[in-house]
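Asker: So that we are looking at the same thing, I have put the structure below in structure tokens.
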Amino acid sequence: MHCTLCYLHCTFCSVHCTLYTVQGFNSPREFIVTQGPLASTRDDYWRMCWESNSRAIIMLTRCIEKGREKCDHYWPYDTQPAYYGDIQVTILNEMDSLIEHDIHSQGDQSRIIRHFHFTTWPDFGVPDPPQALVRFVRAFRERVPPDHRPIVVHCRQLSKNLNQNGVSVCSAGVGRSGTFIALDRILQSIRVSDYVDIFGIVYEMRRERTCMVQNEQQYICIHQCLMVVIQGLEALGLSNRPIETHTNRAYEDDEGIAESGM
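When we follow this note's numbering, the leftmost residue of the sequence shown carries the number 731, and every step to the right adds one.
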């Protein structure tokens with residue numbers, strides 16, 4: 731497990747945030763996974779993006795969901811420059827699901843960071859239809875080369891909930907973020923191989939960060955997204971043989987139906 735807290739000021743390193751680097755298809759530390767910034771931590775959030783030399787942010791939540799704040803609006807509201815500590819952020823371009831920011835630190839240094847915002851992930855559930863998530867991941871990869879890393883991925887703020895045993899557990903951006911990263915790895919993998927190991931990918935991610943792909947619904951969603959891709963390839967005549975998949979036989983019941991190990 732690789733922790734990236736060294737990127738941040740002490741305020742952001744405290745109870746407000748936990749950061750982990752997670753392996754992607756192109757690099758062992760391709761993604762920085764965290765939860766959505768708070769109003770009190772957004773300055774340090776931008777400092778982390780700057781110091782890690784990130785060129786892309788993946789946001790998988792709306793700021794407000796069902797009337798409750800899930801994430802601070804941590805970027806400018808218009809084209810006027812906004813300051814977050816000593817980081818200046820300016821919107822250069824804004825289109826559907828994508829905002830391009832120009833960020834400056836002290837001095838003349840600047841760089842462009844692309845901010846991808848997926849706004850249709852329901853508060854409880856998964857994207858429906860799955861094609862929407864597939865299109866979003868593909869749009870992200872079309873604009874972000876493999877060497878532009880690490881990529882910051884976040885959903886909502888840190889929250890505490892009770893599990894089925896009544897024990898308080900923290901949700902710090904592992905479910906949606908894990909689903910996104912798993913799908914990104916799968917879409918890149920099938921470009922060079924006919925073998926897809928969804929179980930293995932999720933298992934590997936969970937060794938780096940607990941509860942990546944948090945529940946059965948998200949795990950099923952990954953399979954549904956892969957089916958969308960396979961059917962699309964077959965419709966275009968680009969796939970001449972079936973893509974191999976891996977099933978964890980240890981979690982099959984008597985009827986051959988895979989049970990959740992989440």
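Just so it is clear, CB atoms sit at the ideal spot from N, CA and C, and this is done for glycine as well.
When DSSP labels each residue in this structure, what does Tyr-814 get in the three-state scheme?
Answerer: DSSP places Tyr-814 in strand when its eight states are reduced to three.
Asker: What separation, rounded to the nearest whole angstrom, lies between the Cα atoms of Ile-712 and Phe-866?
Answerer: Only positions 731 to 992 of the chain appear in the structure, and residue 712 is not among them; the question remains open.
Asker: Please report the distance separating the alpha-carbon of Cys-801 from that of Val-959.
Answerer: 31 Å
Asker: Would you mind sorting Arg-769 into buried or exposed? The rule is 16 or more other CB atoms within 10 Å of its CB.
Answerer: Reading the sequence as shown, one finds Ala at residue 769 and not Arg. That one is exposed.
Asker: How would you label Ser-923, buried or exposed, when you count the other beta carbons within 10 angstroms and need 16 or more for buried?
Answerer: exposed
Asker: Counting Cβ pairs, one atom from each stretch, are 3 or more of them under 8 Å apart for the segment 866-885 and the segment 839-856?
Answerer: yes
Asker: Taking the Cβ atom as the reference point for each residue, do Cys-951 and Thr-909 lie within a distance shorter than 8 Å?
Answerer: yes
Asker: Decide if Gly-837 is buried, meaning its Cβ has at least 16 other Cβ atoms within 10 Å, or exposed.
Answerer: exposed
Asker: Considering only DSSP beta bridges, list what Leu-828 is partnered with.
Answerer: Met-825, Phe-846
Asker: According to DSSP, Ser-840 sits in a beta bridge with which residue or residues?
Answerer: His-834
Asker: Could you check the C-alpha separation between Ile-821 and Trp-776 for me, to the nearest Å?
Answerer: One alpha carbon belongs to Ile-821, the other to Trp-776, and they sit about 14 Å apart.
Asker: To which residues of the same chain is Gln-887 closer than 7 Å at the C-beta, ignoring the five residues directly before and after it?
Answerer: Gln-765, Gly-766, Leu-768, Lys-800, Cys-801
Asker: For His-803, I'd like the list of residues in its chain whose CB is within less than 6 Å of its CB, leaving aside the five on either flank, ordered along the chain.
Answerer: Cys-793
Asker: Mind checking Ser-840: buried by the 16 CB within 10 Å criterion, or exposed?
Answerer: When all chains shown are included, Ser-840 counts as exposed.
Asker: Terminal residues of the continuous beta strand (DSSP E) containing Thr-764?
Answerer: Taken as a continuous stretch (DSSP letters only), the beta strand (DSSP E) holding Thr-764 covers 761-764.
Asker: Which of the three DSSP states, helix, strand or coil, is assigned to Arg-873?
Answerer: Annotated three-state conformation of Arg-873 is helix, per DSSP.
Asker: Would you kindly report the start and end of the unbroken beta strand (DSSP E) that includes Val-932?
Answerer: Judged by DSSP secondary structure, Val-932 falls outside any beta strand (DSSP E) and instead within the alpha helix (DSSP H) spanning 928-938.
Asker: Go through its chain and collect everything with a Cβ distance to His-878's Cβ below 7 Å, but skip five positions before and after it.
Answerer: Arg-785, Ala-786
Asker: What is the DSSP secondary structure of Arg-906, counted as helix, strand or coil?
Answerer: helix
Asker: If you draw a straight line from the C-alpha of His-746 to the C-alpha of Phe-870, how long is it?
Answerer: Residue placement at His-746 is poorly supported in this model, since its pLDDT is 38, which falls under 50; the coordinates still yield a value, given next. Approximately 28 Å, taken between the alpha carbons.
Asker: In the DSSP assignment, the beta strand (DSSP E) including Met-789 goes from what residue to what residue?
Answerer: 786-789
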